[in-house]
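Participant: I am attaching a structure below and will ask some questions about it afterwards.
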Amino acid sequence: MTELDDTLNRIYKIHENSKRVTKHKKKINETVHFLNKVITPLEFETYYTYFQLKSFQKGYSETGIVDLDEVRNKDRPLYYTKLNKKNKDKKLSESKDKTTRRSTRLNKKTEEPLPESNPHNIDFYLNENEGKHNDEVVMLMEDVVPKSKKPIRRSDVILPPKNRYIRERPPAIKPESSRLIKYSAFTNVPQIKSFIKRCANGEYKKSVQ
1 MTELDDTLNR
11 IYKIHENSKR
21 VTKHKKKINE
31 TVHFLNKVIT
41 PLEFETYYTY
51 FQLKSFQKGY
61 SETGIVDLDE
71 VRNKDRPLYY
81 TKLNKKNKDK
91 KLSESKDKTT
101 RRSTRLNKKT
111 EEPLPESNPH
121 NIDFYLNENE
131 GKHNDEVVML
141 MEDVVPKSKK
151 PIRRSDVILP
161 PKNRYIRERP
171 PAIKPESSRL
181 IKYSAFTNVP
191 QIKSFIKRCA
201 NGEYKKSVQ
């Protein structure tokens, strides 16, 4: 009877453990389903983002130039000035346009640089923004469109293929190994070449050992 009791106790313990494991697995599955509903990816754009990017107008804005192709053009360096090594240590405040003012006490002439009034210069807009809004952060060239947690975009079926959203993919990784063999070198081996020729002509038969 003692062996029977021990066997029954073992069976009871195994049953209790299985019930505990099943309960734990059920709880894990419920947690996974809940997180799957709550967590949404940030890799899809909304209709608002799509039309904002497609209706983006080129030209001048309050914060500077908007047309990036024009910025990258070397023939019209309106916004980016190349600094040489010889004058890179000079202050940017030096300018040809200077005003002379009188000092009532010292009767001395002091020269002050005037801000550039070129409307095509980005520094002109930045100085204006700094003067108007001292506490605000100066905006970038273009507004970066943030990704939405819950995009309203329904489907790309109504859009042409060139305007559909393309998911970002990691670049292909080329395996680094010295044992890689090119296809042309592989097919130029005499044994492989004869084997391929026999297969193409239908002459190949398995040799029965």
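To convert, note that position 128 of the sequence shown is 128 in the UniProt record's numbering; the numbers rise steadily by one, no gaps.
By construction, the Cβ of each residue, glycine as well, lies at the ideal position given by its N, Cα and C atoms.
Name the two residues that bound the continuous alpha helix (DSSP H) containing residue 185.
Facilitator: 183 to 187
Participant: In the structure shown, what three-state DSSP assignment does residue 210 receive?
Facilitator: In this structure the chain extends from 1 to 209, so residue 210 is not present and cannot be described.
Participant: Could you have a look at residue 37 and say whether DSSP puts it in helix, strand or coil?
Facilitator: Reduced to three states, the DSSP call for residue 37 is helix.
Participant: Kindly indicate which three-state DSSP category residue 174 falls into: helix, strand or coil?
Facilitator: Of the three classes helix, strand and coil, the one that applies to residue 174 here is coil, per DSSP.
Participant: Please classify residue 16: does DSSP put it in a helix, a strand, or coil?
Facilitator: helix
Participant: Using three-state DSSP, classify residue 3 as helix, strand or coil.
Facilitator: Residue 3 falls in the helix class under three-state DSSP.
Participant: Rounded to whole angstroms, what is the Cα-Cα separation between residue 37 and residue 30?
Facilitator: 11 Å
Participant: Just to confirm my understanding: we take residue 80, look at its own chain, exclude 5 residues before and 5 after, and list those with CB closer than 6 Å. What are they?
Facilitator: Its pLDDT being 47, under 50, residue 80 is placed unreliably by the model, and the measurement read from it follows with that caveat. There are no such residues.
Participant: Buried or exposed, going by whether 16 or more other CB atoms sit within 10 Å of the CB of residue 143?
Facilitator: Unreliable placement is indicated for residue 143, whose pLDDT of 45 sits below 50; the coordinate value is still reported in the next sentence. Looking at its Cβ environment, which holds fewer than 16 other Cβ atoms inside 10 Å, residue 143 is exposed.
Participant: Using DSSP with H/G/I as helix, E/B as strand and the rest coil, what is residue 180?
Facilitator: coil
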